[in-house]
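This note's numbering puts the sequence shown at residues 711 to 881.
See below for the structure under consideration.
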Amino acid sequence: MMTCMIRTVIAVSLFLLIPLGQGCTAAAQYSVADFPFRHTAYDYKVAWKTGQAGNGTTIDGIMKNTRYPDIDQLDLTIFLIGPNQKVRARTTTIPAPQQSRRNDVVPFSAKLKDVSLNQGDTLVFELHYRGSEGGGGRSGGGGGVDWHSTFAVDALTGQPREEEKGKTEEW
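Below is the structure:
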């Protein structure tokens with residue numbers, strides 16, 4: 711009898727503590743100051759940094775939803791384009807959390823395998839997601855718009871390529 715009671719107390723305690731832990735992780739804060747490269751698009755602000763890791767280049771950053779009340783089904787593809795305009799590497803990442811609201815910040819991490827960044831290289835970021843203006847439930851529920859957003863920057867400096875000049879507003 712006592713064993714059953716102890717198990718019940720433990721189960722109830724765990725049941726009550728799990729939501730508290732989730733609340734703490736959901737409130738994670740990210741500082742744009744940690745990321746030297748920035749870009750502002752119509753619907754997202756993106757900040758990132760690059761690094762070398764063994765057999766490739768890492769790209770870690772954050773994205774801030776500045777447009778839609780609800781966004782989900784988000785994926786980010788990053789292309790490394792050489793000076794000859796050929797794709798040197800490509801990676802796709804699924805940032806988490808997948809659902810965000812306006813002004814939410816979502817982290818991402820990606821790795822371009824077996825390459826390093828060179829003079830003349832370009833990074834092309836392609837964001838794909840479903841956004842909803844609200845009123846019809848979550849964007850994945852049949853409403854909203856399926857959207858692609860792309861921008862290109864110098865791989866070493868993070869400076870926008872000619873067609874992207876002027877899109878580096880403050881956060």
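Ideal Cβ positions, reconstructed from N, Cα and C, are used throughout, including at glycine.
**Report entry** In chain order, each alpha helix (DSSP H) run of at least 4 residues that lies wholly inside the region 789 to 842
**Finding:** Segments of the alpha helix (DSSP H) lying fully in the region 789 to 842: there are none.
Where aspartate 744 sits in the DSSP three-state scheme = The answer is helix: DSSP assigns aspartate 744 an H, G or I state.
- Label lysine 755 either buried or exposed according to how many other C-beta atoms from any shown protein chain fall within 10 Å of its C-beta, with 16 as the threshold for buried. Buried is the call here.
Starting from the C-beta of glutamine 732, find all residues in its chain whose C-beta is less than 7 Å away, skip the five residues before and the five after it, and write them out in chain order. With a pLDDT of only 39 at glutamine 732, under the threshold of 50, the placement of this residue in the model should not be trusted, and no figure is reported.
Practice problem: List the endpoints of the continuous beta strand (DSSP E) containing glutamine 869. | Solution: Here glutamine 869 belongs to no beta strand (DSSP E), and DSSP marks it neither H nor E.
Subject >> Extent of the continuous beta strand (DSSP E) run through glycine 892 >> reply: This structure does not reach residue 892, given that the chain is present from 711 up to 881, and the question cannot be answered.
Could you check the C-alpha separation between arginine 798 and glutamine 809 for me, to the nearest Å? So the two alpha carbons sit approximately 31 Å from each other.
Check: In the structure shown, what three-state DSSP assignment does alanine 862 receive?
Finding: In the displayed model, alanine 862 falls within a strand according to three-state DSSP.
Requested in this report: For proline 793, collect the residues of the same chain with a Cβ closer than 6 Å to its Cβ; drop the 5 residues on either side in sequence, then sort them by chain order.
Outcome: Excluding positions up to five away in sequence, the list reads Gly830.
Exercise. Around the Cβ of tyrosine 752, are there at least 16 other Cβ atoms within 10 angstroms (buried) or fewer (exposed)?
Worked result: Exposed, because fewer than 16 other Cβ atoms sit within 10 Å of the Cβ of tyrosine 752.
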